[in-house]
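Scroll down for the structure; my scribbles are underneath it.
So this is what it looks like as structure tokens:
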């Protein structure tokens, strides 16, 4: 797959919408799948509503998190994209415009297994995502949410 910093391609957006629809269809028989589909749809809607510069970064982070930790479920948290395990937010994206901040934030909550001694970082300012930032995000997500 080709990676870009321009956000999701039309094909990627269509695939995510199709998956959300699949989960919704499965939800006719299981409550959890319906909630997962609705949560994913809310996440995608929150990203789509962002200004272009924030949307591109949020889309890229969503793709990176989804590929790196498929066990995490996309949802919104305080109206922003987040990814959870067993209902508990592991990581999140906070758009700069939401709180009139200088930069976007990609951060982690308590369930993330980033512990490193007595003190460690739990959030990063994100103004763009190039290859180095993508590698760091993937490594952090992999460490924060090891596969079961």
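Residue numbers (the working numbering): -10 to 137. From the three backbone atoms N, C-alpha and C, an ideal C-beta is built for every residue, glycine too. Just so you know, these numbers come straight off a predicted model, no measurement behind them.
| Query | Result |
| --- | --- |
| Residue 38 in three-state terms, based on DSSP | coil |
| Cβ neighbours of residue 74 in the same chain (closer than 7 Å, five flanking residues each side left out) | 60, 61, 100, 134 |
| Whole-angstrom C-beta distance between residue 58 and residue 130, which should lie under 8 Å | 5 Å |
| Among 37, 6, 43, the one whose alpha carbon lies nearest that of residue 25 | 6 |
| Residue 102, DSSP secondary structure in three states | coil |
| Rounded C-alpha distance that separates residue 85 from residue 66 | 15 Å |
| Cut-off 7 Å between Cβ atoms - residues of its own chain near residue -4, not counting five sequence neighbours on either side | 44, 45, 48, 49 |
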